[in-house]
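In this note's numbering, the protein residues as written are -9 to 976.
C-beta atoms are modelled at their ideal positions from N, C-alpha and C, and glycine is treated no differently.
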């Protein structure tokens, strides 16, 4: 079977390469085309639009606009073809990106949208708007970018810290906005998801458990997007003001509406021969794990028959937590802003901008519970218990005033789902002056301020303090009464009955609910000044070149601050307050030297170099902690065009990424993580000696309760000891534009990025497997088991996963981009555009010198989201003479193997037959645009035209950004996506 899969994979890659040879580069940088949108959606040649003066990745202004580093540009037409209302969804389809925070992740989401370039993490890609930072790095949210104003998106591969400063390790994503309107533009779009549920395997699993299957055909998740922009030139064209506003709304989608997500999937056995509808041991029947008494170490449950007796817990009692979870969050976003510029004289043009975003999104998860991770104290004479239950809990002290501690897992009713109200309000201001100093020199002095206000309210969640009061119940004249009512500490207390199945009433749950609130304020301020110039005016030029030496010099002062607050309820759950400040002063210089031009075998030979010095000061007002350090970053680039039709390019960058405010000072909290505890259960899979290394005592061994739903706990948050990470990035490539083939471009680029001392947490699943397998004291030291129960979940039992300087990250591969446009007579033209990436390496070294593993072609557990060896997007577009288009996109993702099946000791773990491999996925998207006249354009389309089902994966195998038994940011989870829209220009 493996050989057949290899053959299929090779044929897919070969087919894509043949298609590439027939196509050209539209995904790297777009060039202006005719009115019909002739320019391809994306190009990689590195040539910017004709009216641009600055190339992403350099501060040198030059006429040829060619980049020495690979650049992929997404044009505004591509957003129309995809019907995109979320910018990150467009970028995530490019093979250079791996999905990050998006609207298909609910439980645990912070409500933002992010991008992850080269699978090195969203914190290692620098996001710019018109060449300036968007927001504080720890609070980037692409929701703030008005999609209707995007002219193009430049994606620069490789480090660019010497040009832009910290954070540009994997590269730069620069959103170029249309900030010079003259007229009125209105845009509206409506869309929805449509799916035919026909996964017979999963539907049978759901039926076997007696759960409700999703409807056969569904249409839901409607989105509406309305935008307007108005611009006006004045003062004979010397000035312009452009204002814009937008509104977006998205309806929520429940997991119960899709086959793949309607139940919580688990492996049916240790070998993973199949899947089953499992669930959580926090059930509506009530689960108990006494910490003392005659049943200490056992997991019991209220008998289904309602006799108020306890029986051993088994999977038939599991609670299906999936149906009420969101697979698409509800969302409502408002955007507004303005751009203004006025040229007083050639030497001085004043300019400024204002951007505002208000986004409210609601995530929903299964109803709250008295979760098994918390120990509750129960009186042995609680009148709500039967005599049999009192005996099971307390033994000889049953019926007395003695107490016994027990873990309790009791789920509330399905009508009381937890909801997380996530609210973001972003403000971004810029102001500056720029101008021509004469003799080829110009300057730009700018101030930027960005503020992100984040407020979160978690609702319908049980307050464990109130729950304890509601369990501390005594008999008062035949009436079950809270002790806190008797002593007056809480007269509102209502006794809760957890000793019968499905018995918690709405009044009882409402008493136990307490909203928790957290808030953060993230601020970025930047003062920058730079001068660029052409030294040819001073005679400084190579004698063999027609252009002179160009330089750019600059200074930047940047400050980022964080203020995070948590109320008493949130702190009770393990969250703490946090604050911090980072200040940096930087000086930089860049030089570009044309060596040879217009000579035999040297149409052009150019060298480019840059150097930046950065001085950091970090401090935390609440603790008085301070630190400082200085770093150098630099780059060297070369471009050689032996003839006009071919250009070779080579670059090296030494990049740094200083820890952001959250990584240094972020609040520490305990959260959920997909993992399994090998030391849990009556027959642990790990030996006693191995489990003792994780903190298990001999008494606890064989009686530790398993992590519910394969979900253990981990402690996340900042670490003030973290230092900057460094990265060496290499790129080398060739760009072919043969004149003998009209409108054809081919670009092939190799990239190699290695990050040392990378700032991250160690994967909890890796911590567990390595401690058990090797007894390494580093990994074993990250276990913090509940001292009483030995459990690895809850506020007292977890894996430490705060930030550290760890080992190294490495990725390498080959990008292939191509674009070809040719005429077909009276029908118009055909444009073929391909962007593909061949992944050569995706390695991680958790600790320096202690081994590494390669996630190329793998997914799940430690490796996380799929890393296909080959990905491509091939778009074929018919461009009619009337200005209309018909476009078909083919998205291809090669198959990936479950990482735990690897022979590498870091990855080897839980076996699986059913999820051993995710097969190759091919999606087809169809879009049409019709131009009525120059002022009116209609568009419509269908993404995932064939309604292909996503892969169904056991919940325990999912890692970051997994949701609903699959990876919704990688695969199309909701089915077909249908959209219609219109643009009117006056």
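Please name the residue in the options whose C-alpha comes closest to that of residue i.
i: residue 410; options: 436, 449, 386; result: 449
i: residue 625; options: 67, 150, 102, 99; result: 150
i: residue 121; options: 183, 685, 158, 372; result: 158
i: residue 616; options: 709, 176, 435; result: 709
i: residue 133; options: 870, 932, 345; result: 345
i: residue 963; options: 249, 214, 76; result: 249
i: residue 313; options: 915, 357, 348, 168; result: 357
i: residue 786; options: 509, 364, 923; result: 364
i: residue 931; options: 72, 64, 47; result: 72
i: residue 558; options: 827, 567, 574, 242; result: 567
i: residue 315; options: 801, 953, 965; result: 953
i: residue 911; options: 939, 925, 928, 918; result: 939
i: residue 815; options: 889, 909, 869, 598; result: 869
i: residue 553; options: 536, 530, 655, 581; result: 655
i: residue 274; options: 828, 311, 428; result: 311
i: residue 549; options: 291, 580, 468, 438; result: 438
i: residue 905; options: 70, 260, 228; result: 260
In whole angstroms, what separates the C-alpha of residue i from that of residue j?
i: residue 504; j: residue 752; result: 33 Å
i: residue 191; j: residue 843; result: 34 Å
i: residue 418; j: residue 555; result: 22 Å
i: residue 945; j: residue 88; result: 20 Å
i: residue 454; j: residue 956; result: 32 Å
i: residue 325; j: residue 778; result: 51 Å
i: residue 123; j: residue 110; result: 19 Å
i: residue 975; j: residue 607; result: 49 Å
i: residue 393; j: residue 370; result: 5 Å
i: residue 573; j: residue 329; result: 28 Å
i: residue 463; j: residue 283; result: 19 Å
i: residue 966; j: residue 950; result: 24 Å
i: residue 267; j: residue 578; result: 58 Å
i: residue 981; j: residue 673; result: Not covered by the structure: residue 981. The range shown for the chain is -9 to 976.
i: residue 129; j: residue 305; result: 41 Å
i: residue 276; j: residue 669; result: 24 Å
i: residue 835; j: residue 562; result: 36 Å
i: residue 209; j: residue 184; result: 4 Å
i: residue 286; j: residue 943; result: 34 Å
In this structure, how does DSSP classify residue i when only helix, strand and coil are distinguished?
i: residue 193; result: helix
i: residue 32; result: Bear in mind that a pLDDT of 40 at residue 32, under 50, signals an unreliable position, so the model cannot answer this.
i: residue 502; result: helix
i: residue 434; result: strand
i: residue 108; result: coil
i: residue 1003; result: The structure shown does not extend to residue 1003, since the chain spans only -9 to 976, so no value can be given for it.
i: residue 171; result: coil
i: residue 655; result: helix
i: residue 160; result: coil
i: residue 713; result: coil
i: residue 383; result: helix
i: residue 18; result: In this prediction, residue 18 scores a pLDDT of 36, lower than 50, which makes its location untrustworthy; no coordinate-derived value is stated.
i: residue 804; result: strand
i: residue 406; result: coil
i: residue 200; result: coil
i: residue 494; result: coil
i: residue 791; result: coil
i: residue 83; result: coil
Can residue i and residue j be called in contact, C-beta distance under 7 Å?
i: residue 59; j: residue 148; result: yes
i: residue 431; j: residue 523; result: yes
i: residue 160; j: residue 115; result: yes
i: residue 485; j: residue 457; result: no
i: residue 63; j: residue 142; result: yes
i: residue 408; j: residue 272; result: no
i: residue 196; j: residue 203; result: yes
Item to check | Complete runs of the beta strand (DSSP E) confined to the segment 526 to 601 [at least 3 residues] | outcome: DSSP runs (the beta strand (DSSP E)) wholly in the segment 526 to 601: 540 to 556, 568 to 589.
Item to check | Ranges of the alpha helix (DSSP H) found wholly within the segment 838 to 897, counting only runs of at least 4 | outcome: The DSSP assignment places no complete run of the alpha helix (DSSP H) inside the segment 838 to 897 (cut-off: 4 residues).
Checklist entry - Enumerated in chain order, which unbroken segments of the alpha helix (DSSP H) with a length of 4 residues or greater are wholly contained in the segment 611 to 665? => result 651 to 655, all fully within the segment 611 to 665.
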